[in-house]
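Chemist: Residues in the sequence shown are numbered from 0 upward in steps of one, following numbering that gives the first Met the number 0.
Every residue, glycine too, gets a C-beta built ideally from N, C-alpha and C.
Since the structure is predicted, the reported quantities are computational estimates derived from the model, not experimental observations.
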Amino acid sequence: MAKAPPSDELSVMHPFSTYVGSIERLVGTVVSSGLDGRSVEATPVLNGGPAEALRDTVDLVTRKSTGAFFSGSDLSEELVSRFTEPIDENSRILDPACGSGDLLLACSRRLPIASSLTATLEAWGQQLYGLDLYPEFIRATRARLVLAAALRGRWNASSGLADSESWFPGIRVGDGLAIPKECARATHVVLNPPFNLIQTPQGVEWSSGQVSAAAAFVDHVLAACEDGTNLVAILPDVLRSGTRYARWRGHISGQATVRRVSVWGIFDTWADVDVFLLEASIGSGSFESSMATWSGPNETEARDTLSSIAKVSVGSLVPHRHRNRGQWHPYLHALGLARWGRVNVADLPKKRFNGTVFPPPFVAVRRTSRPGDSGRAIGTVISGDRSVAVENHLLVVRPKDSSVDTCQQILDQLRSNATDAWLDRRIRCRHLTVGALEDIPWRDD
C-alpha cells in the first residue's frame with residue numbers, strides 16, 4: 000500500500016485539494032448564512048462530484064497505483080442497506096479506507112439529527128470513524144458530512160462551530176492496515192478498500208509476495224475489530240473467484256460468519272473492474288446459507304461437472320521465461336487460434352521446450368474472458384499424434400477417455416448460452432481459472 004508522504008511533502012492527491020477547498024468554502028457559507036438556496040450547489044458535492052473532480056485532477060496511473068476510486072452514491076446506498084443490524088444512535092461506524100466519504104455519507108443518512116447543526120455534528124462525531132492516507136480525502140469527507148447534516152436539518156445559520164478538524168475527530172489521516180483501538184470498537188464496518196497490489200503484510204499465512212490490498216484490508220478488519228461487528232464490503236471479484244485467493248477465502252470463512260456473497264458487476268465506467276458485495280459478522284466462522292458461498296448458490300449440486308469427464312490444466316510455456324531449450328515440439332499459442340474449430344498439431348509451428356507437454360486430443364480454451372461476452376470459454380479442438388507445448392494463456396481440457404468425440408462434446412457445451420450464463424455468475428474476472436472450468440455443469444444430452 001502506498002505510504003503517506005512526510006508532513007513537509009505534498010501528497011500525490013494534492014491536485015484534488017483545490018476542489019476540496021471549494022467544498023469547504025461552500026460549507027462555511029452554509030454554516031454562517033444558512034442554506035438560503037444553496038442546496039442546488041450542495042447536491043453534486045454529495046452525489047458524484049468528488050469522483051468526477053478526482054478524475055479531472057489526478058491522472059489514471061496515480062489513481063490505479065493508489066487504488067483511489069470512490070464508491071458513488073448508488074453503490075454506497077446499496078452496500079449500507081445490506082447491514083442486518085440497523086444503524087441508530089448507539090452505532091459506531093468505521094470506514095478504514097474512507098476516501099472522500101461516500102460510504103460514511105450513506106451511513107449518516109440513517110443516523111438521527113438533533114435540534115441544531117452543532118448538536119448533530121457533535122453526536123455524529125462520536126459515531127463516525129474513518130481513516131485514509133491522504134489528507135485531501137479526509138478534508139473532503141468531513142466537509143461533505145457537515146453539508147449532509149445541514150441539508151438534513153435545514154437549520155438557520157449556526158454560530159460557534161469550530162474549524163473542520165474538530166467536527167469529526169474520529170475521521171483522520173491514518174493507515175487502514177493499522178486500525179487504532181478506539182476505531183476498532185465499531186459496531187459496523189463499511190469498506191471499499193483499494194484494489195491495487197501491495198506486498199503481503201507480515202504474519203499473513205494465506206499469501207506471499209504481491210497481493211490485492213483489498214484482501215489484506217478485510218483480513219486486518221477481522222483481526223482488529225471485535226466479534227459480532229457487522230461488516231459490509233465492496234471487493235474485486237478476483238477475491239471471490241480467483242484460484243490464487245482460495246486460501247484467503249478459506250481464512251475469511253474461518254474468521255467470520257459469511258451471510259451473503261453477491262455478484263454486483265462493473266464497479267463503475269471508469270474503473271473497469273468487476274466487484275462483489277460481502278456481508279459478514281466477525282467471529283464464529285461459517286456460511287449461513289447457500290447464498291453465502293463464494294461461488295453463489297450451488298447450482299452444480301447433485302450434477303456432474305466438466306471435471307468428471309476431463310482434467311483441466313494451465314499451459315506450461317511462459318513466453319517471457321522461455322529459454323528455447325529441450326526437444327522440438329508443436330507450439331500452441333492463443334494468437335490466431337481458430338475459434339470453435341479444429342487444429343491438427345502437424346499445422347502448428349515448433350519450439351524447443353523442456354517443460355510439461357500435452358498429448359492430443361484436447362480442447363484449448365483461451366483464458367482471457369470478459370463477463371457479458373458471447374463466448375466466455377472459447378475453445379479449439381487439438382488433434383494429432385505429437386505432444387504439444389502450450390502457452391500459459393491457454394487452458395488445456397483433456398478428456399479422460401482420450402476421445403476426439405468427447406473433445407467435440409466439450410466444445411459444444413463450452414459454446415452454449417447456458418455455459419456463458421453460468422460463467423457470468425461464477426467468475427467475473429478477466430481470466431478464466433482451472434476451478435471455474437472444472438465446475439461447469441456437464442449435461443450428457
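Check this for me: beta carbons of Val-356 and His-328, under 8 angstroms apart or not?
Modeler: yes
Chemist: Excluding sequence positions up to five away, which residues of its chain have a Cβ less than 6 angstroms from the Cβ of Val-19?
Modeler: The beta carbon of Val-19 is closer than 6 angstroms to those of Glu-135, Arg-138 and Ala-139 in its chain, skipping five residues each way along the sequence.
Chemist: Using DSSP bridges, identify the partner residues of Pro-329.
Modeler: Per DSSP, Lys-349.
Chemist: Roughly how many angstroms separate the alpha carbons of Thr-418 and Pro-440, rounded to a whole number?
Modeler: 8 angstroms
Chemist: Taking Val-39 as the reference, which of Asn-155, Gly-208, Asn-191 and Ala-147 has the closest Cα?
Modeler: Ala-147
Chemist: Among Leu-34, Ser-386 and Ser-306, which one has its Cα closest to the Cα of Asn-343?
Modeler: Ser-386
Chemist: May I ask you to report which of helix, strand or coil DSSP gives Leu-34?
Modeler: Correct three-state label for Leu-34: coil.
Chemist: Would you say the segment 424-441 touches the segment 305-323, given that touching needs at least three Cβ pairs under 8 angstroms?
Modeler: yes
Chemist: Please state whether the Cβ-Cβ distance between Pro-49 and Leu-190 is less than 8 angstroms.
Modeler: no
Chemist: Compare the Cα-Cα distances from Ile-377 to each of Glu-204, Ile-409 and Phe-352 and report the closest residue.
Modeler: That would be Ile-409, whose Cα lies nearest to the Cα of Ile-377.
Chemist: Identify whether Gln-408 lies in helix, strand or coil by the three-state DSSP scheme.
Modeler: Residue state, collapsed to three classes: helix.
Chemist: With 16 other CB atoms within 10 Å as the buried threshold, where does Pro-348 fall?
Modeler: Taking all protein chains shown into account, Pro-348 has fewer than 16 neighbouring C-beta atoms within 10 Å of its C-beta and is therefore exposed.
Chemist: Just to confirm, is the Cβ distance from Val-188 to Leu-74 under 8 angstroms?
Modeler: When the beta-carbon positions are compared, Val-188 and Leu-74 stay at least 8 angstroms from each other.
Chemist: Checking 8 angstroms against the spacing of the C-beta atoms, do Gly-354 and Thr-379 come in under that value?
Modeler: no
Chemist: Going by beta carbon distance, what residues of the same chain come within less than 6 angstroms of His-219, once the five residues before and after it are set aside?
Modeler: Leu-176
Chemist: Indicate whether Gly-383 and Pro-359 have their beta-carbon atoms separated by less than 8 angstroms.
Modeler: yes
Chemist: With DSSP collapsed to three states, give me the class of Tyr-128.
Modeler: Annotated three-state conformation of Tyr-128 is strand, per DSSP.
Chemist: Among Gly-129, Trp-205 and Ala-213, whose alpha-carbon lies nearest the alpha-carbon of Gly-173?
Modeler: Gly-129
Chemist: Quick one: using the 10 Å Cβ neighbour count with 16 as the cut-off for buried, is Thr-65 buried or exposed?
Modeler: buried
Chemist: Need the endpoints of the beta strand (DSSP E) that Thr-367 sits in, please.
Modeler: Premise fails: Thr-367 is in no beta strand (DSSP E) and is neither H nor E.
Chemist: Please report the distance separating the alpha-carbon of Thr-119 from that of Ile-112.
Modeler: 5 angstroms
Chemist: In the structure shown, what three-state DSSP assignment does Asp-400 receive?
Modeler: coil
Chemist: Can you grab the Cα-Cα spacing for the pair Leu-34 / Cys-106, in whole Å?
Modeler: Cα to Cα, the separation comes out at about 22 angstroms.
Chemist: Which residue from Ala-214, Phe-194 and Pro-192 puts its Cα closest to that of Pro-200?
Modeler: Nearest of Ala-214, Phe-194 and Pro-192 to Pro-200, Cα basis: Ala-214.
Chemist: Hey, would you say Val-79 sits closer than 8 angstroms to Val-231, going by beta carbons?
Modeler: yes
Chemist: Assuming Ala-142 contacts Val-26 under a Cβ cut-off of 8 angstroms, what Cβ separation, rounded to an integer in Å, is found between them?
Modeler: 5 angstroms
Chemist: Determine the direct distance from the alpha carbon of Phe-82 to that of Thr-292, and round the result to whole angstroms.
Modeler: 18 angstroms
Chemist: Give a yes or no on whether the C-beta atoms belonging to Leu-53 and Ala-67 are separated by under 8 angstroms.
Modeler: yes
Chemist: Along the chain, where does the beta strand (DSSP E) containing Gln-198 start, and where does it finish?
Modeler: 196-198
Chemist: Please state whether the Cβ-Cβ distance between Leu-103 and Ser-70 is less than 8 angstroms.
Modeler: no
Chemist: Assuming Gly-378 is part of the beta strand (DSSP E), what are its boundary residues?
Modeler: Gly-378 -> beta strand (DSSP E) spans 378-382.
Chemist: Under 8 angstroms, with one C-beta from each stretch per pair, do the segment 233-248 and the segment 265-277 reach the 3-pair mark?
Modeler: yes
Chemist: Which of the three DSSP states, helix, strand or coil, is assigned to Trp-293?
Modeler: coil
Chemist: Rounded to a whole number of angstroms, what is the C-alpha to C-alpha distance between Arg-171 and Glu-84?
Modeler: 26 angstroms
Chemist: Pop quiz: Val-262 and Arg-427 are said to be a contact at Cβ under 8 angstroms. What is the actual Cβ separation, rounded to whole angstroms?
Modeler: The C-beta distance from Val-262 to Arg-427 rounds to 6 angstroms, short enough to fall under 8 angstroms.
Chemist: Would Thr-242 and Val-433 be called neighbours here (beta carbons separated by less than 8 angstroms)?
Modeler: yes
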